[in-house]
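Here's the structure we're looking at; comments come further down.
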Amino acid sequence: MSVPPTVDDVHALARAMPHVTVVEGPKGNAVYQVGGKSFVFFRTPRPDARDPDTGEKYPDVIMFWVGSEEDKDALVHDPTTPFFTTPHFDGHLSVLLRAAHLDQLSREELAEIVQDAWLSRASNRRRERWLAEHS
-5 MSVPPTVDDV HALARAMPHV TVVEGPKGNA VYQVGGKSFV FFRTPRPDAR DPDTGEKYPD
55 VIMFWVGSEE DKDALVHDPT TPFFTTPHFD GHLSVLLRAA HLDQLSREEL AEIVQDAWLS
115 RASNRRRERW LAEHS
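Letter by letter, the sequence shown follows residues -5 to 129 in the numbering used here.
Have a look at this one:
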């Protein structure tokens, strides 16, 4: 059995994509961007993502951009994935994932999510080049 991915893997996979810059958010959280557009964002605790039992804000939410509303729906509504959304993100092409639930993904699945996030935000030229090199 393979070792489940970690937060360090999210950082490494995002940094490994071409033309990536890392911007520090207002509370020191990492925001990965391509061409000035965020594709992986480590959120700070927010009122829209809370533990349903305790009401505590989740401290470990990671946002990943997706290519379409259909992609978002497929991830969020598949009971075998740990992805979720909140009403705050209605109409926003992203999914949320708690770092505490990374162990529900394989490293390969996580890599695909990060790559798809990057592809959804990269310029056409960069996207086409990356796809040609990785097909």
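For each residue, glycine too, the CB sits at the ideal point set by N, CA and C. Predicted, not measured: the structure shown is a model, and the values here were computed from it.
By the Cβ criterion, the stretch 49 to 65 is in contact with the stretch 29 to 40, since at least three pairs of Cβ atoms, one from each stretch, lie closer than 8 Å.
Secondary structure of valine -3 (DSSP, three-state): coil. Distance between leucine 90 and aspartate 67, taken at the CA atoms: about 12 Å. With 16 or more other CB atoms across the displayed protein chains lying within 10 angstroms of its CB, valine 108 is buried. DSSP, read as helix, strand or coil, puts glutamate 106 in helix. Counting only the Cα atoms, aspartate 42 lies some 12 Å from aspartate 84. For lysine 31, no alpha helix (DSSP H) run applies; the uninterrupted beta strand (DSSP E) run containing it begins and ends at 31 to 36, by DSSP. Spanning the alpha carbons of phenylalanine 33 and aspartate 47 requires a straight line of approximately 30 Å. Here lysine 21 carries a coil assignment [DSSP, helix/strand/coil].
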